[in-house]
Amino acid sequence: MIERRASAVLTSFNKREDVRKNLRSLLAQVEPFQEIIVVDNASKDGTIEMVRTEFPSVRLIVMPDSSYGACETFNIGFSTAQAPFLAILDDDIVLPPDWLKRLLDRFEREPETTAMISTKVVEPEMPQSYIDAPAVNEIRYMSTFRGCGTLAKTDVIRRAGWYDERFFIYGNERDLAARVLGLGYRILQFPEVVTKHGTPFGMKKGARSLYYHVRNFWLVMFKHAPLTQIIGFPFAFVWRRVRKRDDAEDAADAVGGIGLISNIRQTKRGWWIVIKATLAALMNLPYCWKRRKVCRAPDFEMPDV
Numbered sequence: 064m065i066e067r068r069a070s071a072v073l074t075s076f077n078k079r080e081d082v083r084k085n086l087r088s089l090l091a092q093v094e095p096f097q098e099i100i101v102v103d104n105a106s107k108d109g110t111i112e113m114v115r116t117e118f119p120s121v122r123l124i125v126m127p128d129s130s131y132g133a134c135e136t137f138n139i140g141f142s143t144a145q146a147p148f149l150a151i152l153d154d155d156i157v158l159p160p161d162w163l164k165r166l167l168d169r170f171e172r173e174p175e176t177t178a179m180i181s182t183k184v185v186e187p188e189m190p191q192s193y194i195d196a197p198a199v200n201e202i203r204y205m206s207t208f209r210g211c212g213t214l215a216k217t218d219v220i221r222r223a224g225w226y227d228e229r230f231f232i233y234g235n236e237r238d239l240a241a242r243v244l245g246l247g248y249r250i251l252q253f254p255e256v257v258t259k260h261g262t263p264f265g266m267k268k269g270a271r272s273l274y275y276h277v278r279n280f281w282l283v284m285f286k287h288a289p290l291t292q293i294i295g296f297p298f299a300f301v302w303r304r305v306r307k308r309d310d311a312e313d314a315a316d317a318v319g320g321i322g323l324i325s326n327i328r329q330t331k332r333g334w335w336i337v338i339k340a341t342l343a344a345l346m347n348l349p350y351c352w353k354r355r356k357v358c359r360a361p362d363f364e365m366p367d368v
């Protein structure tokens with residue numbers, strides 16, 4: 064038997080209406096959260112005042128300014144959580160009323176080695192090929208998790224070291240997942256439970272998103288991938304472009320990375336940003352090498368990009 068208590072953690076920044084809908088869905092759970100923690104990155108749109116006024120039971124942590132990265136603000140929330148289970152959520156998600164109950168029920172049936180259960184995430188502009196992809200719709204163990212809709216064992220991700228704050232934003236889920244897998248645990252994809260996410264499907268467009276996706280992809284490689292894979296990646300990248308593989312083939316595993324090539328093409332000086340991000344990753348090589356631990360868990364794999 065598990066101890067059926069869970070903390071919910073989300074970070075917010077200038078998304079007042081989204082946060083309102085989010086918190087209403089969290090408070091409407093048939094099996095309630097022990098606590099709900101919101102870490103706000105100094106919003107200026109009334110989010111802070113709204114949470115304090117309308118949701119007094121929510122624990123609100125306000126950062127002194129908006130310069131903090133998502134990894135840092137999430138870690139503040141994670142380290143504050145008191146329950147044995149931890150819901151990792153975005154500020155623009157809406158949960159069905161039985162979300163927590165069904166995930167705890169699933170944990171009851173899972174072996175001790177299951178540390179995280181990642182739900183099926185539904186987003187605007189999702190192509191039908193992704194929605195129907197077998198890899199997205201089967202219950203299976205996988206190499207990463209969705210950072211907008213996952214329930215995790217708090218003690219495991221604490222032992223794994225929370226998010227690496229060097230990532231700032233993007234790619235942090237796969238890095239944490241590699242460390243969880245490296246401890247001998249597994250991550251279950253459980254599409255029978257759905258999380259509605261307000262952010263449009265695929266990689267967010269723009270130079271900032273492109274930069275951090277590329278840089279952080281390399282950081283994960285440097286920290287967790289075998290040397291042969293790191294050296295062979297440029298050749299594999301070219302081969303994949305030649306084959307013109309469909310994104311649906313990598314649907315479940317390309318979390319946040321779908322649309323990379325189109326983003327490069329649509330972003331001004333996109334290939335220069337890729338080069339700049341790669342150079343920045345190389346500058347972080349000493350940091351990564353000091354923390355390097357090749358993940359040899361059977362479930363671990365890097366996404367195709």
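First residue of the sequence shown? That's 64 in my numbering, and the numbers climb one at a time after it.
For every residue, glycine included, the Cβ atom is placed at its ideal position computed from N, Cα and C.
Beta-carbon contacts of residue i that lie in its chain and below 6 Å, excluding the five residues immediately before and after
| i | result |
| --- | --- |
| Val82 | Ser75, Thr110, Asp154 |
| Gly333 | Ile327 |
| Tyr274 | Ile336, Ala340 |
| Ala315 | Per-residue confidence for Ala315 stands at a pLDDT of 45, beneath the threshold of 50, marking its modelled position as unreliable; the derived number appears in the next sentence. Ala198, Val199, listed in sequence order. |
| Ala91 | Pro160 |
| Ile232 | Gly132, Ala133, Tyr275 |
Own chain, CB closer than 8 Å to residue i, minus 5 neighbours either side, in chain order
| i | result |
| --- | --- |
| Arg355 | Phe285, Lys286, His287 |
| Thr217 | Ser70, Phe141, Ala144, Ala146, Pro147, Phe148, Leu149 |
| Leu244 | Ser206, Ile250, Cys358, Ala360, Asp362, Phe363 |
| Lys164 | Gln92, Val93, Glu94 |
| Glu201 | Gln252, Pro254 |
| Pro349 | none |
Sheet register partners of residue i (DSSP bridge)
| i | result |
| --- | --- |
| Gly245 | Looking at the DSSP assignment, Gly245 forms no beta bridge with any residue, so it has no partner. |
| Leu345 | Partner(s): none; Leu345 has no beta bridge. |
| Ile99 | Ala71 |
| Ser181 | Thr213, Gln252 |
| Val257 | Lys183 |
| Met205 | Ile250 |
| Val157 | Lys259 |
| Phe148 | Ala69, Lys216 |
| Leu123 | Val101 |
The ligand MN heavy atom lying under 8 Å from the CB of residue i
| i | result |
| --- | --- |
| Thr110 | In the structure on display, the ligand MN does not appear, and there are no ligands present to speak of. |
Whole-Å CB distance - residue i paired with residue j, under 8 Å assumed
| i | j | result |
| --- | --- | --- |
| Leu290 | Gly234 | Rounded, the Cβ-Cβ distance is 20 Å, inconsistent with contact. |
| Ile156 | His260 | 5 Å |
| Val93 | Lys183 | Actually they are not in contact, since the Cβ atoms of Val93 and Lys183 sit about 19 Å apart, beyond 8 Å. |
| Leu246 | Val219 | 7 Å |
| Ile139 | Val102 | 5 Å |
| Arg79 | Asp108 | 5 Å |
| Leu166 | Ile180 | 5 Å |
| Phe264 | Glu188 | 5 Å |
| Ala344 | Arg278 | 5 Å |
Spatially closest choice to residue i from the options, by CA coordinates
| i | options | result |
| --- | --- | --- |
| Glu255 | Phe230, Thr213, Arg115 | Thr213 |
| Arg67 | Met346, Gly269, Glu98 | Glu98 |
| Phe170 | Arg221, Tyr226, Phe253 | Phe253 |
| Lys331 | Ala270, Pro366, Glu117 | Ala270 |
| Val125 | Gln329, Tyr204, Thr136 | Thr136 |
| Leu158 | Pro366, Phe264, Leu89 | Leu89 |
| Asn104 | Ile232, Ser129, Tyr204 | Ser129 |
| Arg209 | Val185, Asp227, Ala196 | Val185 |
| Tyr131 | Ala215, Ile194, Phe230, Pro190 | Phe230 |
| Arg172 | Trp225, Met64, Glu236, Glu117 | Met64 |
| Gln329 | Ser192, Ile232, Lys268, Leu348 | Lys268 |
| Ser106 | Phe96, Asp195, Pro127, Arg237 | Pro127 |
| Cys134 | Tyr226, Pro190, Lys353, Glu201 | Tyr226 |
| Arg237 | Glu117, Gln191, His276 | His276 |
| Cys351 | Ser192, Asn77, Glu228 | Glu228 |
| Ser272 | Arg221, Ser325, Thr116 | Ser325 |
Cutoff 7 Å; reference residue i; Cβ partners in own chain excluding five residues on either side
| i | result |
| --- | --- |
| Leu73 | Asn85, Val101, Leu152, Asp153, Asp154 |
| Tyr204 | Arg249, Ile250, Leu251, Asp362 |
| Ala223 | Leu239, Arg242, Val243, Leu246 |
| Ile294 | none |
| Cys211 | Leu152, Asp153, Ile156, Val184, Thr258, His260 |
| Asn77 | Ser106, Lys107, Asp108, Thr110 |
> Touch check for the stretch 171-185 and the stretch 116-135: three-plus C-beta pairs under 8 Å?
Replying inline: Touching, no, given that fewer than three Cβ pairs across the two stretches are closer than 8 Å.
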